[in-house]
Structures are given as structure tokens and as C-alpha cells.
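Each residue of the sequence shown is one higher than the one before, starting from 785 at the first, in the numbering used here. All C-beta atoms in this analysis are idealised placements derived from N, C-alpha and C, irrespective of residue type, glycine included. Note that the coordinates shown come from a computational prediction; the quantities given were computed from them, not determined experimentally.
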Amino acid sequence: MNIRENISLAGMTTLGVGGDARYLAEAATDDDVVAAAAWARERGLPLFVLGGGSNLLVADEGFDGLVVQVGLRGFDVVEDGDEAIVKVAAGEDWEHCMQRTIELNCAGMECLAGIPGTVGGTPVQNVGAYGQEVATSIACVRAYDLVERKFEELTPQECGFAYRRSRFNTADRGRFVVTRVDYRLKRGGAPTVRYAELKEAILKGRDEAELAAVRLAEVAETVRELRRAKGMLLVEGDADCRSAGSFFKNPVVSEERARQIAEVSGKLPPSFPAGRGQVKIPAAWLIEQAGFHKGFQMGAAGISSRHTLALTNRGGATANEILALAERIAAGVDARFGIELELEPVLVGF
Ligand code: EPU
């Protein structure tokens, strides 16, 4: 296993900011993962697992430890009645993996088209968009446990999934290196067309009864178009996509709280049911109601010109500039609505 020193991380992230990794290793096999873990442990260094870098904010000071770039490859399909278990190595590109499941005519990932990053990152933040999240299709997560020093196969229950959450980014943050994810998909299944915006785009000229017959590929392509319009698809030369996707989570609040927000702003906030008398309010809407607009800029950090929830690097931004903008926005929303926005990307080296 080759370990390199003082390697810039900015270019390995979609946001394109941040300093160097003190050490960087690429793990192409399970043995490499074990060796990298031992190497860091012997030197008392922290270890950070880098996937696609699409949901990261790296500190300007960089990361004073070992960054392990997970490069494990592999894509296997096991048929199981009318389902298919797709076993994918953590280093595979998510979009490529998702596209292969569409070509296999397997339903369950079609709404997650156009998301940058690798497979290994999907269970960590329970990636979700347009009415689907990976938690509903994950059958098993294989990971190396840095504490017990062994590989484990975790059931979805053991992963503790919730909205943008799992044990991997909460209680057991930093404890596991995900090496493979198994997804259980429906062979020949109908697409999930539930998210209002997606449904509207798909329905055009069709009636509801025809939805089940819509092809998975069409749903995936429509999702990509929606993402492209919001600057949430990686497109070369598009300044709006030099971001980490959503920079804040959508707050989940009680219905009572949602009514208070309506009183303060003088209009009903858009809301999505979140179970147990709770609703999810779009953070983008709260941010706009707090007086921030698309394209708002502070130094080289700015709000995307196409989506209020994405903070972008307008060219040469530092991590501190991005964070200062995020703090200003969060303070504005807190002052107006008494809601503390939670950051969505992973912070490294802070
Ligand atoms: N909105 C605004 N201004 C905007 C954009 C949106 O006010 O500039 C309001 C509108 O009311 C809109 C609502 O927010 O109806 C929802 O917007 P959108 O459908 O774009 O979704 P989102 O809530 O902003 C979430 C995810 C996205 C995911 C989309 C689609 C989070 C934090 N973000 O965003 O995920 O693609 O839904 O399902 O849950 C990501 O995690 O990085 C990400 C991009």
C-alpha cells in the first residue's frame, strides 16, 4: 500500500476547497483497508475515509491524519425470485451503479439518478432524493470495524437509518470503513413516482393510470433534468455545481411549530409529512424568508444562483469563507424563526 504525504484534498471534492491530507492512501482491496487502519493506529493518527468527495467541506488547514481513499471495485447481481440483490463495492461511482440497475430493469434507485459520489457514501448519510432513499433498498452493509478490527455485515436495522442519518454519521461516526453495499431491488418493478415535482414532470400529457408503465430510464432521466435545472448535477464548467449539494438539512418540526413559522412569515411554509405529527420544512424556503436570495455572495462563497440550499465556491473560496456564509445564513434563520439549521455535509479537519 502506497502512502503519499501532503496531498491537496480540494481537487478531490466537488466544492473544491480545503487544505492537504497529511497522509493519503488508496485502498483497492480489503487487505489495504486493514493495513491502512493498522498504519494509522500504530502512529496514533486519526483516519478519514474519502469516497467521492461530493458531500465534504475540508478545512483550510487540511487533515492531520491518514485519508483513505476507498477504491474498491466490483458489481455483482444475485437473483432472488422477483428481486435482485445487487452487491456493489464501496469505491464504485454511484451514478454508474444506479444506471446499471436501470439497465437490469431493477426498480428502487431510479429517483437517485444524477447524484455525485461513491456507493460507500450512500448508507453513511442515507442518500435520498425525489421520493426515495437508499435505506429502503439496502439489504446489508459490509464494513471494517476500526474498533473491533474485523469486517462486519450490518443489517439495515443495525445501520439505524433515518433522514440523512445512520449510525455511521452519528453514534459510530468514524468507526467503520464501508467496503460494500448490497441493495435489494425489484426486478421489473414499477418506478417510484411520488415526489410532487417529479410526478408533475412525468405526468405531462399522461393520466395517473399510466404511471406504473413509465420506464425506469425515463424516471432517472427526468430526475437528472430536474437536478440539472437546480445546479445539482455535476456539469463541467457550471459554476453552480461547485458545491456540496444541500448545505443544510431540512428541519423536521412539529405541526404547531410550522403554524408559528406561518405566523412569522405571513405565509404557509411548504411542508412534507415526516410522521408522528411532524413535518419537514424546506430549509431553502426558510433561508429565502430570512432575507437571503439566490446568488447572494460573501467573498468567494455564494448561494447558488439556481438553488438556495446549495453554497458554492465562486472561484478560489476558502473553507472559512464557506463556513462564514453558512453561519450568517443559519444566524438569519435562527433570528427570524428560532430554528437552528443543521449542516448537511461532513466537515473534515475542523
Ligand atoms: N425551495 C426554495 N428555494 C429554492 C429551492 C427550493 O424555496 O431555491 C423550496 C421550495 O418550496 C421547494 C422546496 O424548497 O418546493 C423543496 O425544494 P427541492 O425539491 O429542490 O428539495 P430540497 O428540500 O431543497 C431535498 C434534498 C436534496 C434532494 C431534493 C429532492 C435535503 C437536505 N436535500 O432538497 O438532496 O435532491 O430534496 O428530493 O434533504 C443533497 O442532499 O445534497 C440533496 C441535493
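Starting from residue i, follow the alpha helix (DSSP H) in both directions and report where the run begins and ends.
| i | result |
| --- | --- |
| Val908 | 905–908 |
| Asp1022 | Unbroken run through Asp1022: none, as it is neither H nor E. |
| Gly1116 | 1103–1121 |
| Val818 | 814–826 |
| Lys983 | 980–987 |
| Leu1131 | First-last for Leu1131: 1130–1132, but that is the beta strand (DSSP E), not the alpha helix (DSSP H). |
| Ala1042 | 1039–1049 |
| Ala1068 | 1067–1073 |
| Ile1136 | A question about residue 1136 goes unanswered here, because the residues of the chain that appear run from 785 up to 1134. |
| Glu942 | 940–943 |
Would you tell me roughly how many angstroms separate the C-alpha atoms of residue i and residue j, rounded to the nearest one?
| i | j | result |
| --- | --- | --- |
| Arg951 | Gly904 | 14 Å |
| Phe859 | Glu1105 | 39 Å |
| Arg788 | Glu937 | 30 Å |
| Cys943 | Val908 | 9 Å |
| Val1117 | Gly1086 | 17 Å |
| Met1082 | Gly1021 | 21 Å |
| Tyr947 | Asp815 | 32 Å |
| Leu1018 | Thr798 | 8 Å |
| Thr885 | Gly1122 | 43 Å |
| Arg857 | Gln1073 | 45 Å |
| Leu930 | Thr976 | 37 Å |
| Ala1091 | Glu826 | What sits at residue 1091 in the sequence shown is His, not Ala. Cα-Cα distance, rounded: 45 Å. |
| Ala873 | Lys934 | 17 Å |
| Leu831 | Val817 | 11 Å |
| Ala794 | Ala993 | 48 Å |
| Glu981 | Val1003 | 12 Å |
| Phe1056 | Tyr979 | 10 Å |
| Val962 | Leu1127 | 22 Å |
| Arg1026 | Gly865 | 42 Å |
| Ser792 | Gly802 | 8 Å |
| Gln1062 | Arg949 | 17 Å |
| Ala1094 | Met893 | 23 Å |
| Pro1054 | Ala997 | 30 Å |
| Ile1071 | Ser921 | 32 Å |
| Arg1120 | Met1016 | 27 Å |
| Ala1028 | Pro1129 | 7 Å |
| Gln941 | Ala1110 | 33 Å |
| Gly875 | Arg964 | 8 Å |
| Ser1030 | Ala1101 | 17 Å |
| Leu829 | Gly800 | 24 Å |
| Asn786 | Leu1125 | 40 Å |
| Leu995 | Ser1089 | 33 Å |
| His880 | Lys1014 | 21 Å |
| Tyr914 | Arg999 | 16 Å |
| Leu987 | Ala1042 | 30 Å |
| Lys983 | Gln916 | 13 Å |
Hey, could you find the ends of the beta strand (DSSP E) residue i is sitting in?
| i | result |
| --- | --- |
| Arg968 | 960–971 |
| Val1007 | Where Val1007 is concerned, there is no enclosing beta strand (DSSP E), although the alpha helix (DSSP H) it sits in stretches over 1000–1013. |
| His788 | The sequence as given places Arg at residue 788; His does not occur at that position. Taken as a continuous stretch (DSSP letters only), the beta strand (DSSP E) holding Arg788 covers 787–792. |
| Cys924 | 922–929 |
| Ala811 | 804–811 |
| Asp860 | 859–864 |
| Asn953 | Run containing Asn953: none; DSSP gives neither H nor E here. |
| Ile899 | No beta strand (DSSP E) holds Ile899; DSSP gives it neither H nor E. |
| Leu799 | Where Leu799 is concerned, there is no enclosing beta strand (DSSP E), given that its DSSP letter is neither H nor E. |
| Val1063 | 1062–1064 |
| Ala993 | Premise fails: Ala993 is in no beta strand (DSSP E) and is neither H nor E. |
| Lys871 | 867–873 |
| Phe1031 | Where Phe1031 is concerned, there is no enclosing beta strand (DSSP E), given that its DSSP letter is neither H nor E. |
| Gly847 | One detail in the question is off: residue 847 reads as Phe in this sequence, not Gly. 847–854 is the span of the beta strand (DSSP E), which, as asked, contains Phe847. |
| Thr1096 | 1094–1097 |
Regarding residue i and the ligand NAP, is the C-beta to nearest heavy atom distance less than 7 Å?
| i | result |
| --- | --- |
| Thr1092 | As presented, the structure is devoid of the ligand NAP, carrying the ligand EPU as its sole ligands. |
Which whole-angstrom value describes the C-beta separation of residue i and residue j, a residue pair presumed to lie in contact below a C-beta threshold of 8 Å?
| i | j | result |
| --- | --- | --- |
| Gly1099 | Ala1084 | 6 Å |
| Val854 | Leu834 | 7 Å |
| Leu840 | Val1048 | Incorrect: roughly 33 Å between the Cβ atoms, too far for contact. |
| Ala919 | Asn910 | 5 Å |
| Ala974 | Thr1006 | Not quite, the Cβ-Cβ distance comes to about 15 Å (not below 8 Å), so this is no contact. |
| Val852 | Ala812 | The Cβ separation is near 11 Å, so there is no contact. |
| Ala843 | Ala1103 | 5 Å |
| Asp877 | Thr906 | In fact, because the Cβ distance is near 11 Å, the residues do not count as touching under 8 Å. |
| Gly837 | Met796 | 5 Å |
| Ala1023 | Thr1096 | 7 Å |
| Phe743 | Ile1113 | A query on residue 743 cannot be resolved here, the shown segment of the chain reaching from 785 to 1134 and no further. |
Assess, as a yes-or-no matter, whether the stretch 1059–1073 is touched by the stretch 1022–1036 under the definition of 3 or more beta carbon pairs within less than 8 Å.
-> yes
For the stretch 958–968 and the stretch 865–879, state whether three or more C-beta atom pairs, one from each stretch, are separated by less than 8 Å.
-> Contact between the stretch 958–968 and the stretch 865–879 is present, because at least three Cβ pairs lie under 8 Å.
Touch test, the stretch 939–957 against the stretch 876–889, Cβ-Cβ under 8 Å, three pairs minimum = no
Cβ contact (3+ pairs, closer than 8 Å) linking the stretch 807–823 and the stretch 836–852 = yes
Taking contact to mean at least 3 C-beta pairs separated by less than 8 Å, is the stretch 892–900 in contact with the stretch 994–1011?
-> yes
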